[in-house]
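Each residue of the sequence shown is one higher than the one before, counting from 9 in our numbering.
Idealized CB from N, CA, C, for every residue including glycine.
Model, not experiment: these values are computed from the prediction.
Remarks on the structure that follows.
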Amino acid sequence: MSEKVVYTQTAKGRDEISATPGTLGPNLKVLLGMFDGQSTVEELQKKLNKVPLDRLLAALDTLVKEGYIERSGSATASDDLDFAAYMNRPPPTPTAKQRQDAEQTTLTSMRALKKSGFFVNIIAQSSKRILPRSGDTYSILIIDADQANTLVLARALMLAKYNVRSACREAEILAELSKPPPDLILMDVALPDLVGIEILAKLREHPVFKSVPVIVVTTQAQHDDVVAALVYGANGFMTKPVEPDTLLDSVKSVLGVK
Numbered sequence: 009m010s011e012k013v014v015y016t017q018t019a020k021g022r023d024e025i026s027a028t029p030g031t032l033g034p035n036l037k038v039l040l041g042m043f044d045g046q047s048t049v050e051e052l053q054k055k056l057n058k059v060p061l062d063r064l065l066a067a068l069d070t071l072v073k074e075g076y077i078e079r080s081g082s083a084t085a086s087d088d089l090d091f092a093a094y095m096n097r098p099p100p101t102p103t104a105k106q107r108q109d110a111e112q113t114t115l116t117s118m119r120a121l122k123k124s125g126f127f128v129n130i131i132a133q134s135s136k137r138i139l140p141r142s143g144d145t146y147s148i149l150i151i152d153a154d155q156a157n158t159l160v161l162a163r164a165l166m167l168a169k170y171n172v173r174s175a176c177r178e179a180e181i182l183a184e185l186s187k188p189p190p191d192l193i194l195m196d197v198a199l200p201d202l203v204g205i206e207i208l209a210k211l212r213e214h215p216v217f218k219s220v221p222v223i224v225v226t227t228q229a230q231h232d233d234v235v236a237a238l239v240y241g242a243n244g245f246m247t248k249p250v251e252p253d254t255l256l257d258s259v260k261s262v263l264g265v266k
């Protein structure tokens, strides 16, 4: 097992973290909690310098074989985990099937979008509740240049007991995306110095952020806008202005929260 490899918790691992008392012994559970999708085995070894390397690697092997963690990427290629590096890469070209699926979903969803103000891409919903990545509270990142809209969204989310982060300009966005990933991203595709759809596309290529649900929140709600968002992996699409109840319903739908 390479010391340069980065591991992240699987759904089973996140379930175990929140379980009381759970299946794993206390030492393995503590170790499991240290896998954040960004730290390498080498870095964990430095933190656990009193634990013999052979014992640490044996414990890691157990967590991998039993499905609690999985390989996320390799730190030998730093660009693999550096989101800023992804901004210098051209966006991927969607496949014909991705476009076809997005067109079909858009045609069946535009009526619901016009009626309720939002829809959730059923294909991308989790079959069960997505557990918070850290602790018991969900963390939500808002990427939006409209500060008034950000305040409305943030207030509704904080009143509902979500942790909220926000960013609007390129430096702020890249700074937020260099931190441990949130549980959900709400983003506008109209940004002052970045192209929102390209950010979405690159999130879906990134080894850490590719599994983070994204809801596009925007005034641009024409057919082609919805297709573009779905082609690049948006889980949902909402129009501004967003009603608090509609926002919370869509967040719960994407996270699989009843």
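Whether P99 touches A209 by CB criterion (8 Å):
yes
Roughly how far, in whole angstroms, is the beta-carbon of L61 from the beta-carbon of L40, given that I think they are within contact range, below 8 Å?
Their Cβ separation, rounded to whole angstroms, is 18 Å, which puts L61 and L40 out of contact at 8 Å.
Residue closest to P221, alpha-carbon to alpha-carbon, out of K136, V262, E184
V262
Whole-Å CB distance - P200 paired with A162, under 8 Å assumed:
About 19 Å; that fails the 8 Å criterion.
Short of 6 Å in beta carbon distance, which residues of its chain neighbour P189, apart from the five on each side in sequence? Order them along the chain.
V216, F217, V220
Beta-carbon proximity of V235 to A67, cut-off 8 Å
no
Where does E251 sit, in a helix, a strand or coil, going by DSSP?
coil
Report yes if the C-beta distance between E213 and Y94 is below 8 Å; otherwise report no.
yes
Tell me whether A168 sits in a helix, a strand or coil according to DSSP, three-state version.
coil
The beta strand (DSSP E) spanning I138 covers which residue range?
From DSSP, I138 is part of no beta strand (DSSP E); its letter is neither H nor E.
Taking the alpha helix (DSSP H) that V72 belongs to, which residues open and close that run?
61 to 73
Return the residue from the list G33, D232, L255, N96 that minimises the CA-CA distance to R107.
D232
Could you check which residue in Y15, V14, K20, V13 has the C-alpha nearest to that of P140?
K20
Which first and last residues belong to the alpha helix (DSSP H) in which V13 is found?
No alpha helix (DSSP H) holds V13; the beta strand (DSSP E) holding it covers 13 to 17.
Can you have a look at V250 and say buried or exposed, based on whether 16 or more other CB atoms are within 10 angstroms of its CB?
buried
Since G30 and E24 are thought to touch, with beta carbons under 8 Å apart, how far apart are those beta carbons, to the nearest angstrom?
5 Å
Using DSSP with H/G/I as helix, E/B as strand and the rest coil, what is E213?
coil
Pick helix, strand or coil for S86, following the three-state DSSP scheme.
Caution applies to S86, whose pLDDT of 43 falls short of 50 and renders its modelled position unreliable; the value that the coordinates give is listed next. DSSP places S86 in helix when its eight states are reduced to three.
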